[in-house]
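Numbering (the numbering used here), first residue to last: -7 to 67. A quick write-up on the structure given underneath.
Laid out in structure tokens, this is it:
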């Protein structure tokens, strides 16, 4: 199971592609998508989904093709 933290940059079209969509039963989903907003919100997400592999995706920054990168948890 995975948790994907999505960061939207200044070049993201808010009326276009949306990366975050989850099934109704989020706890049983193989992949959970979440907006990476604040350090406090991230900490809560990481605690709640502590057993999941965590990834980050940056959308709307300078890269032409966003990609998932493993998230490095702080000790």
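Backbone N, C-alpha and C fix where the C-beta goes; we use that ideal spot for every residue, glycine too.
Its chain contains 22, 23, 24, 44, 45, 46 and 47 as the residues whose beta carbon lies nearer than 8 angstroms to that of residue -6, once the 5 sequence neighbours on both sides are disregarded; these appear in chain order.
The residues 47 and 48, in chain order, have a CB closer than 7 angstroms to that of residue 61 in the same chain once the five nearest residues on each side in sequence are set aside. Our two residues, residue 20 and residue 55, have alpha carbons roughly 32 angstroms apart in a direct line. Per DSSP, residue 59 is not a residue of any beta strand (DSSP E), being assigned neither H nor E. Counting along the chain, residue 39 sits inside the alpha helix (DSSP H) bounded by residues 31 to 40. Approximately 16 angstroms separates the beta-carbon atoms of residue 50 and residue 8; this is outside 8 angstroms, ruling out the contact.
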